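The opening position of the sequence shown corresponds to residue 62 in the working numbering, with each subsequent residue numbered one higher.
Cβ atoms here follow ideal geometry from the backbone N, Cα and C, with glycine treated the same way.
Owing to the predicted nature of the structure, the values given are computational and were not obtained by experimental measurement.
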Amino acid sequence: MSASFKLGIVGGAGWLGGAIAGAALSAGVVQAEDVALSFRSVKPDRFPRSFWTDDNQALADRCDVIMLSVRPQDWPSLKLDAKGKLVVSVMAGIRIAEIGEKHGTRRVVRTLPNAAAEVGKSYTPWIASSDATEVDRIAVRAIFDACGVQDEVGSERDIDYLTGLTGSGPAFPALLAEAMMRDAVAFGLSPEVARRAVNTVLTGTGRLLELNDASPADTVAAFLGYRGTTAAAIETMREAGFDEAVAKGLAAAFLKSIAMGKA
Ligand SMILES: NC(=O)c1ccc[n+]([C@@H]2O[C@H](COP(=O)([O-])OP(=O)(O)OC[C@H]3O[C@@H](n4cnc5c(N)ncnc54)[C@H](OP(=O)(O)O)[C@@H]3O)[C@@H](O)[C@H]2O)c1
């Protein structure tokens with residue numbers, strides 16, 4: 062496989078598959094003519110210059126990199142022989158060995174992007190099988206750099222953990238934002254003002270973290286150092302069990318991720 066490759070996305074009609082295709086095309090990692098996408102029920106109008114099919118084997122046969130982006134519960138019924146080609150999975154919970162065995166290849170990369178791929182801001186950890194080549198790795202890095210930030214990690218256990226930590230992506234900051242917004246509305250602010258205020262805090266925090274590459278611990282410590290309103294809030298939230306609630310939630314996600322792979 063050369064540095065330029067043909068990308069096929071099984072389940073390309075779905076949320077994440079479409080987001081990855083859009084990011085890879087926008088970044089110029091692949092040309093529209095070199096992308097194939099498969100659908101099951103309805104052919105979308107997106108990516109009109111790319112090849113759409115409901116035949117997953119036809120997709121696999123014309124591509125160099127075959128991405129699996131169906132839901133884990135739909136994967137057992139998916140029939141596709143990769144014939145030794147690189148298969149890249151974005152499915153939560155499904156292990157490298159199972160993917161390779163089912164699809165007839167020893168070149169498998171297991172990844173776990175998140176919904177922010179849609180805006181080029183996904184965090185994507187990945188791990189490759191021992192038979193994956195350096196050229197395979199270059200293709201994977203290119204695709205997921207286009208979606209945001211990627212890291213090759215040391216074990217599938219790391220991917221299972223990160224499925225909860227980052228695969229859930231924007232859900233956790235959104236949970237905090239929802240709690241803040243509910244409090245603001247209960248205080249008496251209008252829902253519109255509360256939503257704009259809280260959303261702006263979130264997007265502003267993201268931009269600051271990106272700009273300064275600051276560690277969250279340093280940011281919290283700086284606010285605690287002022288001994289003002291923020292310190293009062295942080296200390297009270299922590300006394301009420303904030304850190305324990307986060308740790309328990311992430312542990313539940315980790316267990317669920319492992320269980321999904323065994324179902
Ligand atoms: N969304 C996320 O934030 C996120 C984050 C990390 C990982 N993931 C992983 O990404 C994968 C896709 O998730 P998603 O959120 O994009 O789900 P989704 O929107 O439901 O997309 C899955 C797509 O696969 C299609 N499909 C199912 N079986 C198929 C088959 N045999 N051939 C062709 N297409 C088929 C579905 O078609 P129908 O329309 O007919 O159902 C659907 O369009 C999942 O495995 C999930 O674990 C998602």
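Determine whether the beta carbon atoms of Leu-147 and His-164 lie at a separation below 8 Å. no
Taking the CB atoms as reference points, tell me whether Gly-215 and Ala-176 lie closer together than 8 Å. no
If you measure between the beta carbons of Val-149 and Ile-157, is that distance less than 8 Å? no
Taking the C-alpha atoms as reference points, what is the distance between Asp-122 and Gly-69? 9 Å
Determine the DSSP secondary structure at Ala-312, reduced to helix, strand or coil. helix
Give the single residue among Glu-195, Val-201, Ala-178 and Val-196 whose Cα lies nearest to the Cα of Trp-187. Val-201
Measuring alpha carbon to alpha carbon, tell me which of Phe-112, Gly-228 and Val-259 ends up nearest Arg-243. Val-259
Relative to the alpha-carbon of Leu-98, which residue among Ala-88, Ala-119, Val-90 and Gly-89 has its alpha-carbon at the smallest distance? Ala-119
Residue of Glu-239, Phe-108 and Asp-212 minimising C-alpha distance to Ala-189: Asp-212
Is the stretch 217-237 close to the stretch 193-208, with three or more CB pairs under 8 Å? no
Could you compute how far the alpha carbon of Ala-240 sits from the alpha carbon of Ala-84? 31 Å
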